[in-house]
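Residue numbers (the numbering used here): 20 to 487. Note that the Cβ used here is the ideal one computed from N, Cα and C, for glycine as well. Below is one structure, written out as structure tokens, with a few remarks after it.
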């Protein structure tokens, strides 16, 4: 075989290998076209409109004339030559049809709306009734007077796996029926609200989500809705590669209650919790950091009635392991009030099981020393303390403690700050400076001990290593 023929064979083989590789790659990548064709008609655009009085309208115009002009172009204030109340879309979002005229979207899309307009793929526009909403999960259920609407199929978000392909359909920036795709990046993400509530174990994806996508469906490759696109993580207000969706299983529990009663009753323990880090795990006698550490038990709460105590560590609820404290509200919130729950608890190094009745969440908007010095200081650990004023004790509803005035050395390294109020030291109550120094005198050098402090209004456990 001469060189020219040999080169021809080599090029032919290389070309064939390239075609085979491209063909294999094409087979591995999903084809979303059929999924979109079958489901796009069940996705809707939602405009929520809020009426304003003349003064509020003037204020809005003065703050954003350009934006007002945009809205006036699409929502003219004059109808038939007659003046009408100034209308302005509060937000533009997405949603999807569940069946029987029900439409699911985000609460923040329709919050404080006086009028909700739903636009379908066939360009019909219908006024929607707000059946009910749940700000804690950022969900709202609407209903329109129409029959034979195309609706979505629901999947099981519990079966969703990290790395699985997912697709979103929505109206980013008002561009209807935009399709974006990506993968599930993580599950069970905790995103506390402004009230520090975190009842939703969010799905994290890298699907491109932007303003206007809120409330739209997240599909798996089987064409089933597995989530509701809700939030993005961004410094600019636009997509930066991280987005979050409400799992459909959580959403449907909310939907069922909204259909039945118009509101959502959510489980509640009545405790304040925090994570257990390496130092706290050592101080509290754990083999590794895990569980939800109870930093405070609220008076009259289900936890108090059930025997839960400060410094208890909840490691499981109803056989669901709790590795991070943020997981506990996810499980508790999904338990119907009045239901019994079993908690695995570690108390003073001993494991126990506590059974109690879950309550209903109320409405929203409800240094260590080795010896005493004359000035209340602790040179060895770098902490000085003083009595807590009576007015502060009354404001915080506590009976005693000491207030830190300065922290250096070990105290500073442990996270203790001036102004912290220490109420427990090494699992013993601190009532005043005398009790504090008495406990501190008995601490063994080299040990890690736990302190319960109140910082601002919130209780917090810290771990302090007693210097040699």
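Item	Value
Cα separation between residue 402 and residue 223?	43 Å
Starting from residue 7, follow the beta strand (DSSP E) in both directions and report where the run begins and ends.	Any question about residue 7 goes unanswered here, given that the chain covers just 20 to 487.
Below 6 Å CB to CB, which residues in the same chain sit around residue 260 once its five sequence neighbours on both sides are set aside?	225
Could you give the DSSP three-state label for residue 325: helix, strand or coil?	helix
On a CA-only basis, which of 177, 310, 282 and 281 is nearest residue 294? Give me that one, please.	310
What is the DSSP secondary structure of residue 126, reduced to helix, strand or coil?	helix
Under 9 Å, do residue 431 and residue 476 count as touching if we go by C-beta distance?	no
Residue 198 lies in the beta strand (DSSP E); which residues open and close that run?	197-209
Shortest alpha-carbon distance to residue 113 belongs to which of 151, 153, 457 and 59?	59
Taking the alpha helix (DSSP H) that residue 273 belongs to, which residues open and close that run?	267-280
Quick one: residues in its chain with C-beta nearer than 6 Å to the C-beta of residue 139, no 5 flanking neighbours on either side, listed in chain order?	63
Taking the continuous alpha helix (DSSP H) assigned at residue 297, which residues delimit it?	297-302
For the beta strand (DSSP E) containing residue 183, list its first residue and its last residue.	Residue 183 -> no beta strand (DSSP E), and no H or E assigned at all.
What residues are listed by DSSP as bridge partners for residue 339?	336
Looking at residue 158: is its Cβ nearer than 9 Å to the Cβ of residue 123?	yes
Less than 9 Å between the beta carbons of residue 238 and residue 188, yes or no?	yes
Taking the beta carbon of residue 324 as the centre, do at least 16 other beta carbons fall within 10 Å, making it buried, or is it exposed?	exposed
Mind checking which residues open and close the beta strand (DSSP E) that includes residue 138?	134-138
For residue 180, count the other beta carbons within 10 Å of its own beta carbon; 16 or more makes it buried, fewer makes it exposed. Which is it?	exposed
Given a threshold of 16 other Cβ atoms within 10 Å of its Cβ, counted over all protein chains shown, does residue 355 qualify as buried or as exposed?	exposed
If you check the beta carbons only, do residue 335 and residue 363 fall under 9 Å apart?	yes
State the Cα-Cα distance for the pair residue 278 and residue 135, rounded to the nearest angstrom.	18 Å
Please report the distance separating the alpha-carbon of residue 483 from that of residue 183.	43 Å
Who does residue 371 pair with in a DSSP beta bridge?	364
For residue 156, is the classification buried or exposed, using 16 other Cβ atoms within 10 angstroms of its Cβ as the cut-off for buried?	buried
Quick check on residue 458: does DSSP put it in helix, strand or coil?	helix
Just to confirm the assignment, what range does the alpha helix (DSSP H) spanning residue 403 have?	Where residue 403 is concerned, there is no enclosing alpha helix (DSSP H), although the beta strand (DSSP E) it sits in stretches over 402-406.
Measure the alpha-carbon distance for residue 467 versus residue 269 and round it to whole angstroms.	40 Å
Give me the Cβ distance between residue 205 and residue 469, rounded to the nearest whole Å; I'm assuming they're in contact under 8 Å.	About 31 Å; that fails the 8 Å criterion.
Mapping the DSSP letters down to three states, classify residue 51 as helix, strand or coil.	coil
Within the same chain, show all residues whose beta-carbon is closer than 6 Å to that of residue 384, passing over the 5 residues directly before and after it, in chain order.	Residue placement at residue 384 is poorly supported in this model, since its pLDDT is 46, which falls under 50; the coordinates still yield a value, given next. Around residue 384: no qualifying Cβ.
Determine the direct distance from the alpha carbon of residue 233 to that of residue 125, and round the result to whole angstroms.	6 Å
Relative to the alpha-carbon of residue 347, which residue among 379, 291, 329 and 318 has its alpha-carbon at the smallest distance?	291
Less than 6 Å between C-beta atoms, sequence neighbours within five positions excluded: which residues of the same chain meet that for residue 474?	439
What are the boundary residues of the beta strand (DSSP E) that residue 243 is part of?	243-251
Answer with buried or exposed for residue 167, where buried requires no fewer than 16 other C-beta atoms within 10 angstroms of its C-beta.	exposed
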